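Colleague: Submitted below is the structure of interest, expressed as structure tokens.
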């Protein structure tokens, strides 16, 4: 019998996992997967629990929650040897990673995927000494995902992000950055934000980095040069259609490794969570993990 460790955030989404958990455990158990659970109770708890699950030799680790919970679990696993495959039950507000991977929100379907052992290799991004599975970013607008209170996200879902986004856009300000990437000339100037994508789903936008792939061994980098509020709003509208690459304010390239510095403090957003600050060295770890998908 295989052993699985299910790490879940009880407050993710609309707390749906609390209701579904008995059925999920029963379905896995009937298929010969003995599954124990851990409910997260604070920042960093999922990371510690995932690291312990790797150390204890579990055959499967499953993250149930939003992109933030998944990021913590990945940080507990990445960089270690003999990693078990990772499962993802998307129970969050946006679920960018699950959207990019085509992971079903129907828990029955995903249980069957785990039971059948259908896995594929995926790349993992590294930002200094932290890891990200979907997106890394910096700039004032990228802060909104970890500034929205978790209780508000539980109550009104995606609308909470829109409310915070409108508040942020009014106070947008550029940041001085120096970007050095393998294979490109160094760039220096004022930027509104930068995004480093490992998948094509970023903040619910599936056309923001449409060519990003989880298994191509590359990071897709998008940086927005200094612009005023009307220009930025126009860029957002273009991004909804996937036309933003034609705008002179947008810098886009692919790389395996890059470094970004700034003379002032710039916080990093990793999969929607606070991930330290610049300076930052970003690199891709090709085929670093196996995931049920």
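Numbering (the UniProt record's numbering), first residue to last: 1 to 293. In this text, a Cβ means the ideal position worked out from N, Cα and C, and glycines have one as well. None of these values were measured; they are calculated from a predicted model.
Taking buried to mean at least 16 other C-beta atoms within 10 Å of its own C-beta, is residue 85 buried or exposed?
Modeller: As a position in the chain shown, residue 85 is number 85, starting the count at 1. Burial call: buried.
Colleague: Would the beta-carbon of residue 272 fall within 8 Å of that of residue 112?
Modeller: Here residue 272 corresponds to residue number 272 of the chain shown, with the count starting at 1. Here residue 112 corresponds to residue number 112 of the chain shown, with the count starting at 1. Using a Cβ distance threshold of 8 Å, residue 272 and residue 112 do not count as a contacting pair.
Colleague: For the pair the stretch 242 to 257 and the stretch 95 to 113, tell me if three or more CB-CB distances fall below 8 Å.
Modeller: no
Colleague: Just verifying my parser: in three-state terms, what is the DSSP assignment at residue 263?
Modeller: Position 263 of the chain shown holds residue 263. Coil at residue 263, not helix or strand.
Colleague: Based on the DSSP output, what are the partners of residue 64 in its beta bridges?
Modeller: Locating residue 64 in the chain shown gives position 64, where the first residue counts as 1. According to DSSP, residue 64 bridges with 8, 89.
Colleague: Nearest-angstrom Cα distance between residue 225 and residue 261?
Modeller: Stepping through the chain shown from its first residue, residue 225 is reached at position 225. Stepping through the chain shown from its first residue, residue 261 is reached at position 261. If I take the Cα positions, the gap works out to 15 Å.
Colleague: What number of angstroms, rounded off, separates the C-alpha of residue 39 from the C-alpha of residue 230?
Modeller: If you number the chain shown from 1, residue 39 lands on position 39. If you number the chain shown from 1, residue 230 lands on position 230. Using only the alpha carbons, I get a separation of about 44 Å.
Colleague: Does residue 238 come out as helix, strand or coil in the three-state DSSP assignment?
Modeller: Taking the chain shown and counting its residues from 1, one reaches residue 238 at position 238. Here residue 238 sits in helix by DSSP.
Colleague: My understanding is that residue 2 touches residue 45, with C-beta atoms under 8 Å, so please give their C-beta distance in whole angstroms.
Modeller: Locating residue 2 in the chain shown gives position 2, counting from the first residue. Locating residue 45 in the chain shown gives position 45, counting from the first residue. Going by Cβ atoms, the distance from residue 2 to residue 45 rounds to 24 Å, so no, they are not a contact pair.
Colleague: Beta strand (DSSP E) containing residue 181: first to last residue?
Modeller: Looking up residue 181 in the chain shown gives position 181. From DSSP, the beta strand (DSSP E) with residue 181 extends over 175 to 181.
Colleague: Helix, strand or coil: which one does DSSP assign to residue 244?
Modeller: The residue you call residue 244 lines up with position 244 of the chain shown. Residue state, collapsed to three classes: helix.
Colleague: So if DSSP puts residue 132 in a beta bridge, which residue, or which two residues, is it bridged to?
Modeller: To locate residue 132, count along the chain shown from 1; it is residue 132. Paired residue(s): 125.
Colleague: By alpha-carbon positions, which one of 90, 266, 202, 88 ends up nearest to residue 239?
Modeller: One-based indexing of the chain shown puts residue 239 at position 239. Among 90, 266, 202, 88, the Cα nearest to that of residue 239 belongs to 202.
Colleague: Beta-carbon within less than 6 Å of residue 199's beta-carbon, same chain only, minus the 5 sequence neighbours each way: which residues are those?
Modeller: Translated into positions along the chain shown, residue 199 becomes position 199. So the list reads 100, 134, 212, 214, once near-sequence residues are dropped.
Colleague: With a cut-off of 8 Å, do at least 3 Cβ pairs link the stretch 249 to 260 to the stretch 71 to 85?
Modeller: no
Colleague: Where does the unbroken alpha helix (DSSP H) through residue 110 begin, and where does it stop?
Modeller: The sequence position of residue 110 within the chain shown is 110, counting from 1. Where residue 110 is concerned, the enclosing alpha helix (DSSP H) stretches over 107 to 116.
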